[in-house]
Amino acid sequence: MSHAPAEVAIEYELADVPARNDFATPRRRGVVLVAPAVLVAVLFSIIPLAYLFQVSLTRESSFFFTAEYTLDNYREVFSRYPSAIVETVYLAGAASILDLVFGYPFAYILIRKIRYREFVRTMMTFPLFGPLYLAFGLFYILLPNGVLGPPLASLGINTAQYLFSTGAVLFSMAIFTFPFMVMNIGAALANVDPMLEEAAKTLGARPWQTFTRILFPLSWSGIVAGFLMCFGWNLGVFAQPQLLGSPKEQSVLAIQMFTKGLVQFNYGLAAALGVLLMVMAFAVTWVSLRFSRGALGA
Amino acid sequence: MATLAAPAETASGRNPGFSLKWLGNVLAHGYVWVWLAIFALPFLATLAYSLRTPDGVWTISAYQYVFGSFKENLLLSLETTILTIIINLVIAVPAAYAIVRHPLPGKSFMLSALNLSLYTPAAVMGLSLVIAYAFLFRIPQTMTGLIAAYVVGTFPLMLVPVIVALRDLPMVFEEAARTLGATRMQTFWRVEIPLLGPGISAGILLTFVIIFNEILVTPFIAGPSTTTAALRVYNLTRTAGFQPSTAALATTMQLVSFVVVLIFFRFFGSRYLKGTYLI
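In the order they appear, the protein sequences are chains P and R.
First residue of the first sequence: 1249, per my numbering; consecutive thereafter.
First residue of the second sequence: 109, per my numbering; consecutive thereafter.
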């Protein structure tokens, strides 16, 4: 369940409090306390994912009868699904770029100019209630006989043309991950001393120069971390293309995986698609963890 | 909501009348407000749609279904959410305590393993669990399976705020209580748990918001007897099209979630959500 790789900056070193004398066996006590959590993780994430990998190496649903081991599933993924891979990466990338372009000014204003931050943060939880409601609401907005349809139509805007379009899918994806971008960039900007901007201004830098020479380099880690986090989340996009997209958007990997596995019972191929998606997400997370160290002052 | 300062407030600078700085401030605040409107817009549209019949008559009749045929879905959602929160608390608080206060072998590797489910795309998690449930654990489409999936997906979100809160908590309180003769259990329940309150409630908030509305793993592993309210919304939009009654259910779900968020922010602010994904 890719619920945001954000807890990143936990400083493990701090946790290494030296053992105290009155703890007879502090290590054993610690192991007992952490055991239930480890057990749950092993049973319900490590074993199923290992199992998924094993299934991905077998033909169709043969694994459950007499397993035939083969690499055909991966060959099929790379011969039949390159366009699905491209579509997935394209949608995730475009949505993340939208988030960056609109999220950077938002984060800057939020950190530098706004005193009612708690209110903004409260409102920013709306997208986090889930992509389903977002897609659902957008559908109503775009519906020709919906609430906003007739007034917009009288302005000459035909909202129905955006239903089942790339634009609608991208917009709903971008809104969903917008808070993650704002959070990452905001955390980086909060560590930039406003005096630096003042100094640049005093020394005659134009706003654009202040941005490219001061703000951008200093918030770079936040930008990368935010971009990759949005990208990682959107790689597994499922509900938005399903409700708002055309067949082209519906070719994304998560939907293909669902169809192959739960509709056509081709478990081998579905598992291979899943492994591919997982590897892509892990790669993105790994890079973002490298960059976000220190950016999120958790 | 008391902090809700209108953008117009920024206009009352020392330099009355039109100036570039004033314009810049208005634009800056306006920009943020436009985005806040965009965040709320899908919800408001859903709300408006739920209050209207296809003929354009305004009525609240669609909400009878929320407490009628959707009632058991809502109750199931609440039940799974509450059970998940309880199990998360039981396994994550001791684990966070052990990770912060005890020397453990391979601590950072262990944390990565615990957080594995966070980094995996939800759909992949769903597929791996549906296969494992059907052929390995033999618990397909059960409540047990659903809650196990929710727990493994969200207990790291409970773990992190508690770790953050524990790290901020000086050892002196614990040591003082122990010096004064409290047992280890007394210290834990009477001293540390109350002091960790905000961190723990941040974990509860995150779990609630995510599990109550969970729709990424649920379609894979839920069955006819375990249809949560969010899944019902999804299924209805796929089969029955976009109905006002579905909109009423979606509105109710979002309203409940938002009220929970408001209550949390009212009591604790957003400080303890640092390090988690909610800013």
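For each residue, glycine too, the CB sits at the ideal point set by N, CA and C.
Q.
Which residues of the stretch 288 to 311 of chain R have a Cβ closer than 8 Å to any Cβ of chain P? Give them in chain order.
A. none
Q: Can you say whether proline 1296/P is buried or exposed, counting buried as having 16 or more other CB atoms within 10 angstroms of its CB?
A: buried
Q | 4-residue-minimum alpha helix (DSSP H) runs that sit fully inside the stretch 191 to 271 of chain R, ordered along the chain | A | 215 to 222, 224 to 227 and 230 to 240
Q: Determine the closest residue to leucine 1492/P out of Ala1383/P, Pro1379/P, Arg1275/P and Leu1348/P, with distance taken between C-alpha atoms.
A: Ala1383/P
Q: List the residues of chain P whose Cβ lies closer than 7 Å to the Cβ of glutamine 362/R, in chain order.
A: Phe1377 and Tyr1381
Q. What runs of the alpha helix (DSSP H), each 4 residues or longer, lie entirely inside the stretch 1448 to 1492 of chain P?
A. 1455 to 1458, 1468 to 1483 and 1487 to 1492
Q. Does the beta carbon of alanine 221/R come closer than 8 Å to any beta carbon on chain P?
A. yes
Q. Contact check, valine 1417/P vs glycine 1480/P under 8 Å by CB: the rounded distance?
A. Incorrect: roughly 18 Å between the Cβ atoms, too far for contact.
Q. Got a sec? Which residues, its chain only, sit under 7 Å from isoleucine 1503/P by beta carbon, not counting five neighbours each side?
A. Phe1486, Pro1489 and Gln1490
Q: Please confirm if the stretch 222 to 233 of chain R is in contact with the stretch 1467 to 1479 of chain P, defined as three or more CB-CB distances below 8 Å between the two stretches.
A: no
Q) Hey, isoleucine 271/R and alanine 204/R: beta-carbon distance below 8 Å or not? A) yes
**Q.** Proximal residues, the stretch 145 to 160 of chain R versus chain P, C-beta separation under 8 Å
**A.** Ile146, Phe147, Ala148, Leu149, Pro150, Phe151, Leu152, Ala153, Thr154, Ala156, Tyr157 and Arg160
Q) Interface residues of chain R around leucine 1491/P at Cβ under 7 Å? A) Thr345
Q | Where aspartate 1270/P falls, given that 16 or more other Cβ within 10 Å makes a residue buried | A | Only weak support exists for where aspartate 1270/P lies, its pLDDT of 44 falling under 50; the value from the coordinates is given anyway. So aspartate 1270/P ends up on the exposed side.
Q | For isoleucine 318/R and alanine 113/R, the rounded distance between their alpha carbons | A | Because the pLDDT at alanine 113/R is just 45, under 50, the model does not fix this residue reliably, and the value given afterwards should be weighed accordingly. Between alanine 113/R and isoleucine 318/R, the C-alpha separation is close to 30 Å.
Q.
Under DSSP, the alpha helix (DSSP H) around alanine 313/R begins and ends at which residues?
A. First, the amino acid is wrong: residue 313/R is leucine here, not alanine. Element bounds for leucine 313/R: 301 to 320.
Q. In whole angstroms, what separates the C-alpha of threonine 295/R from that of alanine 1520/P?
A. 50 Å
Q.
Going by beta-carbon coordinates alone, are threonine 315/R and methionine 251/R separated by less than 8 Å?
A. no
Q) Looking only at its own chain, which residues have a Cβ that is under 7 Å from the Cβ of valine 201/R, when we skip the five neighbours before and after it? A) Val270 and Ile308
(Q) Please list, in chain order, the chain P residues whose beta carbon lies closer than 7 Å to that of isoleucine 199/R. (A) Pro1284, Ala1285 and Val1288
Q.
With a threshold of 8 Å between beta-carbons, can serine 127/R be considered close to chain P, or not?
A. no
(Q) Considering only DSSP beta bridges, list what tryptophan 166/R is partnered with. (A) Arg160/R
Q.
Using C-beta distances below 7 Å, list every residue in its chain close to leucine 1390/P, excluding the 5 sequence neighbours before and after it, in chain order.
A. Thr1407, Ala1408, Tyr1410, Leu1411 and Ala1416
Q | tyrosine 1317/P - DSSP class collapsed to helix/strand/coil | A | strand
Q | Pairwise C-alpha distance: alanine 1436/P and proline 1392/P | A | 42 Å
(Q) Going by DSSP in three states, threonine 359/R sits in which element: helix, strand or coil? (A) helix
Q.
Excluding the 5 residues flanking threonine 1336/P on each side, which residues of the same chain have their C-beta closer than 7 Å to its C-beta?
A. Leu1483, Val1500 and Leu1501
**Q.** Interface residues of chain P facing glycine 377/R [CB-CB closer than 8 Å]
**A.** Glu1366
Q) Is the beta carbon of valine 268/R within less than 7 Å of some heavy atom of the ligand NAP? A) No copy of the ligand NAP appears in this structure; indeed no ligand is present at all.
(Q) Can you confirm whether threonine 228/R, when its beta carbon is compared against all beta carbons of chain P, has any partner nearer than 8 Å? (A) yes
**Q.** Opening and closing residue of the alpha helix (DSSP H) in which tyrosine 1410/P lies
**A.** Here tyrosine 1410/P belongs to no alpha helix (DSSP H), and DSSP marks it neither H nor E.
Q.
Give me, in chain order, the residues of the same chain whose beta-carbon lies closer than 7 Å to that of glutamate 1316/P; leave out the 5 immediate sequence neighbours on both sides.
A. Thr1306, Arg1307 and Ser1310
Q) By Cβ distance below 6 Å, which residues in the same chain neighbour valine 1430/P in space, the five residues on each side in sequence not counted? A) Gly1351, Phe1354 and Ala1355
Q.
According to DSSP, is threonine 1306/P part of a helix, a strand, or is it coil?
A. strand
(Q) For chain R, check one thing: does any of its Cβ atoms lie closer than 8 Å to the Cβ of proline 1192/P? (A) Outside the shown range of chain P, which is 1249 to 1546, sits residue 1192/P, and nothing can be said about it.
Q: Could you list which residues in chain R have their beta carbon closer than 8 Å to that of glycine 1522/P, in chain order?
A: Ala231, Val232, Leu235 and Ser236
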